[in-house]
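Only one structure is covered here, and it is reproduced in the block below.
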Amino acid sequence: MPHVQLSLLGGSSVYERSKRYRSARYDFGNGPGTPAEFFAAALLDHIKPDRLVILGTSGSMWDVLLETLLPGDAHDALLEELIDAASADATSQQQLDRLAAVLAAQLETEIRLRLIPYGRNSAEQIAILRHMADDIEPGSQVSLDVTHGLRHLPMLAQMSALYLRKARQVHIQGIYYGALDLTRNGITPVMDLKGLLSIADWVGALHTFDKDGDYGVFRDLLGTTLGPSAKALEEAAFFERIMRPGQARGKLRDFEKSLDRIAADDVASLFEPTLRERIDWCHENHLYQRQRSLARSYLAHGDYLRCAIFAFEAFITRLCQQQGRSNAENPDIRQKIKKEYEEGVRNAEYKQYILLRSLRNKLAHGDQAIRGDEQRALASPDNLRTALSDCLDSLLPAEPDT
Numbered sequence: 000m001p002h003v004q005l006s007l008l009g010g011s012s013v014y015e016r017s018k019r020y021r022s023a024r025y026d027f028g029n030g031p032g033t034p035a036e037f038f039a040a041a042l043l044d045h046i047k048p049d050r051l052v053i054l055g056t057s058g059s060m061w062d063v064l065l066e067t068l069l070p071g072d073a074h075d076a077l078l079e080e081l082i083d084a085a086s087a088d089a090t091s092q093q094q095l096d097r098l099a100a101v102l103a104a105q106l107e108t109e110i111r112l113r114l115i116p117y118g119r120n121s122a123e124q125i126a127i128l129r130h131m132a133d134d135i136e137p138g139s140q141v142s143l144d145v146t147h148g149l150r151h152l153p154m155l156a157q158m159s160a161l162y163l164r165k166a167r168q169v170h171i172q173g174i175y176y177g178a179l180d181l182t183r184n185g186i187t188p189v190m191d192l193k194g195l196l197s198i199a200d201w202v203g204a205l206h207t208f209d210k211d212g213d214y215g216v217f218r219d220l221l222g223t224t225l226g227p228s229a230k231a232l233e234e235a236a237f238f239e240r241i242m243r244p245g246q247a248r249g250k251l252r253d254f255e256k257s258l259d260r261i262a263a264d265d266v267a268s269l270f271e272p273t274l275r276e277r278i279d280w281c282h283e284n285h286l287y288q289r290q291r292s293l294a295r296s297y298l299a300h301g302d303y304l305r306c307a308i309f310a311f312e313a314f315i316t317r318l319c320q321q322q323g324r325s326n327a328e329n330p331d332i333r334q335k336i337k338k339e340y341e342e343g344v345r346n347a348e349y350k351q352y353i354l355l356r357s358l359r360n361k362l363a364h365g366d367q368a369i370r371g372d373e374q375r376a377l378a379s380p381d382n383l384r385t386a387l388s389d390c391l392d393s394l395l396p397a398e399p400d401t
């Protein structure tokens with residue numbers, strides 16, 4: 000797949016013929032290069048892409064681009080035409096196609112020059128993102144240059160990187176910025192802002208986890224930092240989803256010990272406190288508290304089946320504790336306690352228990368026979384959430400009576 004360099008070209012609100020980019024010796028980390036007025040040229044020489052795509056508005060300095068990349072008077076007619084067009088904020092795509100042909104012939108690189116709107120509203124901003132994607136095939140490698148251009152365009156370039164990764168499955172090689180303001184001793188450092196994408200990945204992973212409670216989404220993000228320890232998260236998610244919270248708890252506690260190895264300058268350190276909060280249930284020492292925490296967690300995630308299952312099991316554990324049973328995990332004991340409760344006093348708590356049991360069975364097995372209260376609960380997501388929440392509130396107190 001091709002390696003595409005995507006650069007932005009700026010201009011000025013009041014076009015000045017004498018306005019130029021400042022020449023700089025850009026340092027990509029391996030020493031300063033030859034002086035370059037246009038950062039895209041320095042980046043082109045550094046990464047040698049298969050294609051250079053430059054995006055700019057009808058008022059961008061396309062004439063300066065021509066003068067910078069092809070000095071001399073061989074193309075004076077085109078230069079004057081571009082000066083007039085930029086001055087009037089009226090550069091056309093036809094003119095850019097002619098300029099691209101001239102540049103490609105001299106630079107021996109595929110060149111595509113594209114007009115984009117100014118991004119004054121959401122419609123124009125979406126159009127810019129679409130233009131950024133038009134010249135990039137799925138699976139391509141992309142290097143973004145956000146040095147020049149209107150000041151808000153780098154933000155859109157960042158969004159385009161996120162969009163291209165998801166919609167086109169491209170690999171972002173780098174997001175480059177030539178930091179002229181940091182020039183020292185005639186050398187201008189080049190920053191690679193690709194790390195910003197890692198922050199976006201973490202935000203996305205947290206959103207996914209909050210939606211479905213799958214710890215496994217963090218594995219790849221932590222793999223480089225924590226190595227094999229990160230796999231414990233995926234294993235914890237597996238055990239929790241097959242209703243084995245004891246094994247899940249053990250994996251989470253093993254994983255949590257490895258979090259201390261995250262360095263302060265690692266992007267993961269920004270999210271470490273939040274991650275610890277998400278797995279905090281593993282510190283509950285009692286089976287009832289762990290089951291109750293998981294039931295409430297799954298209710299928050301909208302996973303109503305697992306919420307009902309863990310809530311039901313937590314209530315049986317609570318009954319075992321009320322009778323002083325120390326072996327509440329024994330299936331025979333649990334079945335005996337459950338049977339005794341169902342044959343006992345029919346009070347308001349029992350009514351909530353029956354509703355919870357019925358909802359668990361309906362959600363797990365799709366039973367067709369539905370009573371009135373069940374029918375109301377299953378009529379909508381809001382109704383089901385409310386019904387389960389009421390069951391948890393009445394059946395699972397924070398501190399169960401013993």
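Residue 4 in numbering that gives the first Met the number 0 sits at position 5 of the sequence shown, with consecutive numbering throughout. Every residue, glycine too, gets a C-beta built ideally from N, C-alpha and C.
Assuming contact is defined by CB atoms lying nearer than 8 Å, are residue i and residue j in contact in what I supplied?
i: ALA23; j: GLY177; result: yes
i: ALA427; j: LEU7; result: Here the chain has residues from 0 to 401 only, and residue 427 is not among them.
i: ILE46; j: SER142; result: yes
i: VAL52; j: GLN4; result: yes
i: GLU348; j: LEU358; result: no
i: LEU298; j: LEU391; result: yes
i: SER139; j: PRO1; result: yes
i: ALA294; j: LEU395; result: yes
i: PHE309; j: LEU355; result: no
i: ARG324; j: CYS281; result: no
i: ALA85; j: TRP61; result: yes
i: VAL226; j: HIS300; result: According to the sequence displayed, residue 226 carries Gly and not Val. For GLY226 and HIS300, no; Cβs fall outside 8 Å.
i: ILE261; j: SER268; result: yes
i: LEU81; j: LEU69; result: no
i: PRO31; j: ILE186; result: yes
i: ARG317; j: TYR287; result: yes
i: PHE270; j: LEU205; result: yes
i: ARG167; j: PRO137; result: yes
Sorted by chain position, which residues of the same chain lie with C-beta nearer than 6 Å to residue i's C-beta, five sequence neighbours on each side aside?
i: ARG16; result: With a pLDDT of only 48 at ARG16, under the threshold of 50, the placement of this residue in the model should not be trusted; the figure read from the coordinates follows. Excluding residues within five positions, none has a Cβ falling inside 6 Å.
i: THR385; result: none
i: LYS250; result: ALA231, GLU234 and ALA235
i: SER197; result: VAL266
i: ALA199; result: LEU161
i: ASP49; result: PRO1 and HIS2
i: ARG291; result: ALA313 and LEU395
Give the DSSP-derived three-state secondary structure of residue i in the structure shown.
i: ALA166; result: helix
i: VAL202; result: helix
i: GLN172; result: strand
i: LEU54; result: strand
i: LEU228; result: Per the sequence presented here, residue 228 reads as Ser, with Leu not at that position. Note: SER228 maps to helix in three-state DSSP.
i: ARG277; result: helix
i: VAL216; result: helix
i: ALA35; result: strand
i: GLY177; result: strand
i: SER379; result: coil
i: ARG260; result: helix
i: ARG240; result: helix
i: SER159; result: helix
i: SER388; result: helix
i: ARG97; result: helix
i: SER91; result: coil
i: SER59; result: strand
i: SER393; result: helix
How would you write the range of the beta strand (DSSP E) that residue i sits in, first residue to last?
i: MET190; result: 186 to 191
i: SER6; result: 2 to 8
i: ILE110; result: 109 to 114
i: GLN403; result: Any answer about residue 403 is impossible in this case: the structure gives the chain only from 0 up to 401.
i: ARG24; result: 24 to 26
Since residue i and residue j should fall inside the 8 Å C-beta cutoff, what is the C-beta to C-beta distance between them, to a whole number of angstroms?
i: THR146; j: TYR175; result: 7 Å
i: GLU36; j: TYR20; result: 5 Å
i: LYS193; j: GLY173; result: 5 Å
Looking only at its own chain, which residues have a Cβ that is under 8 Å from the Cβ of residue i, when we skip the five neighbours before and after it?
i: PRO153; result: LEU7, VAL145 and TYR176
i: GLN322; result: ILE336
i: LEU43; result: GLN4, LEU51, LEU106 and THR108
Kindly list the residues whose CB is nearer than 7 Å to the CB of residue i, restricted to its own chain and excluding five residues on each side of it in sequence; keep chain order.
i: ASP88; result: SER57 and GLY58
i: ILE127; result: ILE115, PRO116, GLY118 and LEU155
i: ARG289; result: PRO244, ARG248, TRP280 and GLU283
i: LEU112; result: ILE53, LEU95, LEU98 and ALA99
i: SER257; result: LEU225 and SER228
i: LEU403; result: Not covered by the structure: residue 403. The range shown for the chain is 0 to 401.
Tell me which residue opens and which closes the alpha helix (DSSP H) that residue i is part of.
i: MET131; result: 121 to 133
i: ARG333; result: 330 to 341
i: LYS250; result: 244 to 257
i: GLU373; result: 371 to 376
i: GLU398; result: Neither: GLU398 is in no alpha helix (DSSP H) and is coded neither H nor E.
i: ARG289; result: 286 to 300
i: LEU362; result: 347 to 364
i: GLN321; result: 303 to 321
i: ASP75; result: 75 to 86
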